[in-house]
Amino acid sequence: MDGHSGKRRAWHRLTAAERTALTESGYVRVWSPGEILALQGSPPSSMFVILRGWVKITATNYRGDDAPLAARGPAEIVGELAPISGLPRTATIQAMDEVQALVIPRDRLMAVLRRRPRISEELLRTAAIRLQQSDRLRLESGGPDFSQRLAAVLLELALQYDPDWAAATSLPLNVTQEDLASYARVSRSTLIRGLDELKKHGVVHTARHRITILRPDLLRDLAAGTTTSDDP
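My numbering puts the first residue of the sequence shown at 41, with every later residue one more than the last.
This is the structure we're talking about:
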């Protein structure tokens, strides 16, 4: 697996024997950038373990708008809830770059879970962690001061991208400005003004499909409201 495969990611919380049981029950497939791994509303046919690359998880609301929910990288388990519940998928999983993933068909997954119930516990833990992250992201995006909101959203996304992220290190986020605007619940023009302010103070760097946090310390201060974007 490639970078950011930290020990706190779902796959690494399983024992070697549990990972082997899942690996032997599935097969590896590769998707090109932009290809769909699973479509919202489709049958719950399989679970995925990301081995290489990144996927974006989105959902279409009642107005027909696509809203980003998360991005997941190496050593993350995705699409696990639908096979367990037996209900249609509630989100779309799409490759952001070339993605290699372990695909575990639903019938084989359920057989493994019956033999190894601790895997079910870890999948439930993963779902609970992600629900908490999603709730925090919604809360952070609702504050009155946009600089503080944007800083808080970037910090929350950073922890989703890399659970082992050290506060002193820079971190690239594989996120487009369009998606970040959706996370922050603002227009793209408003987002660009906010990013320009952060860039002016050396907090972030932006590039195509990537935003890099350069000054986590200052970003944390902004998110906490203990400094302002006018500070040097």
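For each residue, glycine too, the CB sits at the ideal point set by N, CA and C.
Nearest residue (CA-CA) to residue 166, options 192, 203 and 258: For the purposes of this step, residue 166 is taken as residue 126 along the sequence shown, with counting starting at 1. Here the closest residue by C-alpha is 203.
Could you check the C-alpha separation between residue 51 and residue 116 for me, to the nearest Å? As a working note, residue 51 is residue 11 in the sequence shown. As a working note, residue 116 is residue 76 in the sequence shown. Near 6 Å, if we compare the C-alpha coordinates of residue 116 and residue 51.
How many angstroms separate the CA atom of residue 227 from the CA atom of residue 233? The residue you call residue 227 lines up with position 187 of the sequence shown. The residue you call residue 233 lines up with position 193 of the sequence shown. Those two C-alpha atoms are separated by around 10 Å.
Look at the alpha carbon of residue 221 and the alpha carbon of residue 162, and state the distance between them as a whole number of angstroms. Here residue 221 refers to the residue found at position 181 of the sequence shown. Here residue 162 refers to the residue found at position 122 of the sequence shown. Those two C-alpha atoms are separated by around 32 Å.
So is residue 134 buried or exposed if we call it buried at 16+ other beta carbons inside 10 Å? Counting from 1 along the sequence shown, the entry for residue 134 is found at position 94. It counts as buried.
So, helix, strand or coil for residue 246, using DSSP? As a working mapping, residue 246 is identified with position 206 in the sequence shown. Correct three-state label for residue 246: strand.
Which ranges would you report for the alpha helix (DSSP H) in the stretch 206 to 265 if only whole runs of at least 4 residues count? 217 to 224, 228 to 240 and 256 to 264
Express the C-alpha separation of residue 195 and residue 185 in angstroms, rounding to a whole number. For the purposes of this step, residue 185 is identified with residue 145 of the sequence shown, where counting begins at 1. For the purposes of this step, residue 195 is identified with residue 155 of the sequence shown, where counting begins at 1. If you take the alpha carbons of residue 185 and residue 195, they lie about 16 Å apart.
Is the beta carbon of residue 263 sitting closer than 8 Å to the one on residue 140? For the purposes of this step, residue 263 is taken as the residue at position 223 of the sequence shown. For the purposes of this step, residue 140 is taken as the residue at position 100 of the sequence shown. It is not a contact, given that the beta carbons lie outside the stated cut-off.
According to DSSP, simplified to helix, strand and coil, what is residue 72? In the sequence shown, counting from the first residue as 1, residue 72 sits at position 32. It is coil, neither helix nor strand.
Pairwise C-alpha distance: residue 144 and residue 217: Taking the first residue of the sequence shown as 1, we reach residue 217 at position 177. Taking the first residue of the sequence shown as 1, we reach residue 144 at position 104. Each residue's Cα considered, the two are about 33 Å apart.
Flag this pair as yes or no: are the beta carbons of residue 97 and residue 79 separated by less than 8 Å? Numbered from its first residue, the sequence shown carries residue 97 at position 57. Numbered from its first residue, the sequence shown carries residue 79 at position 39. The answer is no: Cβ separation not under 8 Å.
Could you give the C-beta distance for residue 231 and residue 244, rounded to a whole number, given that I count them as a contact under 8 Å? Reading the sequence shown from its first residue, position 191 is the one you call residue 231. Reading the sequence shown from its first residue, position 204 is the one you call residue 244. Wrong, their Cβ atoms sit about 12 Å apart, outside the cutoff.
Hey, would you say residue 250 sits closer than 8 Å to residue 213, going by beta carbons? On the sequence shown, residue 250 is found 210 positions in, with the first residue counted as 1. On the sequence shown, residue 213 is found 173 positions in, with the first residue counted as 1. Contact: yes.
Just how far apart, CA to CA, sit residue 246 and residue 169? As a first step, residue 246 must be located in the sequence shown, where it is residue number 206. As a first step, residue 169 must be located in the sequence shown, where it is residue number 129. Between residue 246 and residue 169, the C-alpha separation is close to 28 Å.
Based on Cα-Cα distance, which residue from 137, 260 and 239 lies nearest to residue 215? For the purposes of this step, residue 215 is identified with residue 175 of the sequence shown, where counting begins at 1. Answer by Cα proximity: 137.
Is it buried or exposed for residue 104, if we count other Cβ within 10 angstroms and need 16 for buried? The count along the sequence shown starts at 1 and reaches residue 104 at position 64. It counts as exposed.
Just mark residue 200 as buried or exposed, buried being the case when its beta carbon has 16 or more other beta carbons within 10 Å. The residue given as residue 200 occupies position 160 in the sequence shown. Residue 200 comes out buried.
Exposed or buried, what is residue 81 when buried is set at 16 or more other beta-carbons lying within 10 Å of its beta-carbon? Numbered from its first residue, the sequence shown carries residue 81 at position 41. That one is exposed.
Going by the DSSP bridge assignment, what does residue 89 pair with across the sheet? On the sequence shown, residue 89 is found 49 positions in, with the first residue counted as 1. According to DSSP, residue 89 bridges with 117 and 142.
Got a sec, what are the start and stop residues for the beta strand (DSSP E) residue 111 sits in? As a working note, residue 111 is residue 71 in the sequence shown. Residues 106 to 112.
Might you give, ordered along the chain, the residues of its own chain that have their beta carbon closer than 7 Å to the beta carbon of residue 131, omitting 5 neighbours on each side? Taking the first residue of the sequence shown as 1, we reach residue 131 at position 91. Excluding five sequence positions before and after residue 131, the CB atoms of its chain that fall closer than 7 Å to its own CB belong to 80, 97, 98, 99 and 109, given in chain order.
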